[in-house]
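Heads up: the structure comes next, in structure tokens.
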DNA sequence: GATGAATGAGGGTTCATTCAT
DNA sequence: TATGAATGAACCCTCATTCAT
């Protein structure tokens, strides 16, 4: 297949095939990354498109080639950052059955997918700006929270002793499992410079607490 | 009734003494109340001074007689709304010693002082806008969080069995106690219209969980 | 009535009563006048609000205190310039009955009310921009053309010999009477610098022509 | 068929000779046609090059291969649309000598060359935008109006009775002959949707009027 | 003090024009 | 030659802040 889009051997492909699309996608990503930086630092309203452009290394007008307006940029940012999580949520681990194992997985996932990534900032943005962006709040609810909570609920149901009242409380309010994670995210942004919070320690303590209650033999 | 709002005797002063100050204070309060409404609904940047003025029933310029600028208004809003809490935190209940009793008091206090009042919105504002307002974040940390957590910590120390590992976790991370309360506040604003959250039920379940762990006889 | 809003005799009225409203109206008028200058010179799209403001001697933002946006400014300009004409059209002269007298009045009115005033430019603006401003075209049709033509028609009916075919043509197409006036307006703007047009001579010749036809004894 | 679009002999040239030029000319025409549509619908300033390109079926950049800039496109549009008229004006009919015949020819020409074609829109564009485009106004004056009026004048001189005052008026102000035609063009664009104007009827009535005056035996 | 008209800097968005492919 | 992504100057409009009344 000489001359076809092989890549690798052929002579002098000055521009590799698909260069256009790739560059376009790279630019889009650069803009989204810059937007995340700026939005996270200043919030939606106080962020200037100009700054996003400068940080992304493009001209102001270029942003409007990729996003209809500032709000669309924001929405796309949230969407693109959180969509991979949706995929993860679709396939909950099948086997885990002990509370300890389950919580461990959840915490690991949180750290790996959120706390250790820029997504942390996206979540904070959603919490902060969501109320003014119905589309964002709805997306976040429909695609993330509305899927994560039932999934956690289902895993819990399998993991906890029937009749264990702490387990039943968690099944009813899976938010209780996530709450400290949110607090960690918020704390860092608000008070990090006054008093850093050891998020891992917090989550570990949280798990200990939950396990203390879940593993307890009911009186 | 000496000292009460009358004056009563003098001929000319249609306005009784202190009427000026009272009216002035009332105006200031009206502006702060209006500002809370508007900031809570639209966030700091998207709130227009004009709207605050209209809602407060004063002219736009009047706001600048009471507050240096928009940011000062915001800071004052947070300050004045949260200061009463500071007072509460100064005098922690002395006698409570059982975990159940302590948690009950904390939850009650939360509901009475925050969740059942406009302060809920102030807290949300602080979480949302705090990162962009160092003064606000610092005030909130110094006056509220930085006092509340040690106070709770101290109460816990008194209430939990020594050696109870859940208790020790809580003493180290008192944030774990507050986390669900924050989640309730945030949830309502973000997802209330999709899926209302029973905050009381959440807090109750949270307490049950904590108590399950705290009251457990360590193995 | 001492101290009341007399005006005239009383001492030291630093600011005459109604100063506010008068100043406001004067400002509005100044803006409209400046807008006419700029719109007439550059057309709607090419006119910058900034230039209107500068010419009116106000700040850019001030214009938006008086007019919702650029388009509203344009519409108001047309409306306010042409409304007085509407009043004139409401009261057509009652007595004139000869064709010559009627045409004389019409031409005089045209010169006095339009050609000798800035309204000439307003009319040109309507002709130029009207197709893109349905509101303007409609206003002009409803309030001006739609009233002027029937009025002229009625006057003609009274003035021309029954059975005079030229008269009947004019009654059916009163536009024929106005056409040269429009041409004069347009010519001046387009070709004035190449070849000035003697509008009065044109209108006079036009009248002679019409009278030649109207006064003709039918064969 | 020498010189026609074949070439026929050579091996490689898939494109017959002149195909390039022809395609190029076709493209230029397509752009001009699209530009007329867009300019006529939106005016010069409000027309986007992008829209012209899309309507012409070419890329935006292509337009700049054929026209220096937007203004040149506009000027070329006017020029190319009106040039054929110039040719017509160069060769006025030689024989017609009666007023009725002359007017008939003029009206026919107007309908055939202008009112029944897209040139109607070009004329409207010139009237609307001309004042802002000295080049356009000058071209229109120099090539069209400045030739048409003298030509009409000359024809009139031959057609009217010497001493006929209406005829002399027309000779002095040939604009009077064209005025209703302009009104028809303008009326349609401005008020067509409120009250359609029977242009033919208007022109017919106009001719009747003129003839009524021209054929009159002077007293 | 209180008002609200006036200001003008600032930012989102558009679009004519360019240029690498 | 043709393309269309990229550019950035330009411009409308908003709104925090001021100040004459």
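Residue numbers (my numbering), protein chains in the order written: chain A, 3 to 221; chain B, 3 to 221; chain C, 3 to 221; chain D, 3 to 221. For each residue, glycine too, the CB sits at the ideal point set by N, CA and C.
Not a single CB atom of chain A sits nearer than 9 Å to the CB of residue 41 (chain B). A distance below 7 Å between beta-carbons, with the five flanking residues on each side excluded, links residue 123 (chain A) to the following residues of its chain, in chain order: 38, 42. Using a CB distance below 8 Å, no part of the segment 91 to 123 of chain C faces chain D. Taking every protein chain shown into account, the CB of residue 182 (chain D) has 16 or more other CB atoms within 10 angstroms, so this residue is buried. With fewer than 16 neighbouring CB atoms inside 10 Å of its own CB, residue 136 (chain D) falls in the exposed class. Our two residues, residue 117 (chain B) and residue 186 (chain B), have alpha carbons roughly 9 Å apart in a direct line. Straight across, the Cα-Cα distance linking residue 65 (chain B) with residue 24 (chain B) is about 16 Å. Straight-line measurement puts the Cα of residue 81 (chain D) at about 8 Å from the Cα of residue 141 (chain D). Taking the Cα positions, residue 174 (chain D) is about 25 Å away from residue 115 (chain D). Collapsing the DSSP output to three states places residue 69 (chain A) in coil.
Here DSSP, grouped into helix, strand and coil, assigns residue 117 (chain C) to helix. Residue nearest to residue 212 (chain B) within the set B:180, B:76, B:56 is B:180 (criterion: CA-CA distance).
DSSP places residue 111 (chain B) in the uninterrupted alpha helix (DSSP H) bounded by 101 to 112. Counted as a single uninterrupted DSSP element, the alpha helix (DSSP H) harbouring residue 148 (chain D) occupies residues 148 to 161.
Neighbours of residue 210 (chain B) in chain A, taken as residues whose beta carbon is under 7 Å from its own, are 167, 168, 171 in chain order. Under the Cβ criterion of 9 Å, residue 137 (chain C) is not counted among the residues facing chain D. Secondary structure at residue 49 (chain D): coil, using DSSP grouped into helix, strand and coil. Residues 62 of the same chain have their beta carbon placed closer than 8 Å to that of residue 52 (chain D), with the five preceding and five following residues left out of the count. Three or more Cβ pairs closer than 8 Å define a contact, and the segment 144 to 153 of chain A falls short of that threshold against the segment 190 to 204 of chain A. Between residue 130 (chain C) and residue 131 (chain D), the C-beta gap is smaller than 9 Å, which places the two residues in contact.
In the three-state scheme derived from DSSP, where H, G and I count as helix and E and B as strand, residue 141 (chain B) is classed as helix.
For the segment 41 to 70 of chain C, the set of residues with a beta-carbon nearer than 9 Å to any beta-carbon of chain D comprises 42, 43, 44, 45, 46, 47, 48, in chain order. Residue 31 (chain A) and residue 157 (chain B) have their C-alpha atoms spaced approximately 50 Å apart.
Secondary structure at residue 29 (chain D): helix, using DSSP grouped into helix, strand and coil.
Here residue 136 (chain B) carries a helix assignment [DSSP, helix/strand/coil].
For residue 48 (chain B) and residue 77 (chain A), the gap between their C-alpha atoms comes out near 17 Å.
In this structure, the alpha-carbon of residue 112 (chain B) lies about 10 Å from that of residue 106 (chain B). From the listed residues C:166, C:40, C:21, C:70, the smallest Cα separation to residue 134 (chain D) is found for C:40. With contacts defined as CB atoms closer than 9 Å, residue 69 (chain B) and residue 139 (chain A) fail to qualify as a contacting pair. From the beta-carbon of residue 191 (chain D), the residues of chain C found nearer than 7 Å are 133.
At least 9 Å separates the beta-carbon of residue 75 (chain D) from that of residue 188 (chain C). The Cβ atoms of residue 155 (chain A) and residue 99 (chain A) do not sit closer than 9 Å to each other. If you compare the alpha carbons of C:162, C:210, C:190, C:163 with that of residue 172 (chain D), the shortest gap goes to C:210. In terms of beta-carbon proximity, residue 163 (chain D) stays away from the interface with chain C, with every pair separated by 9 Å or more.
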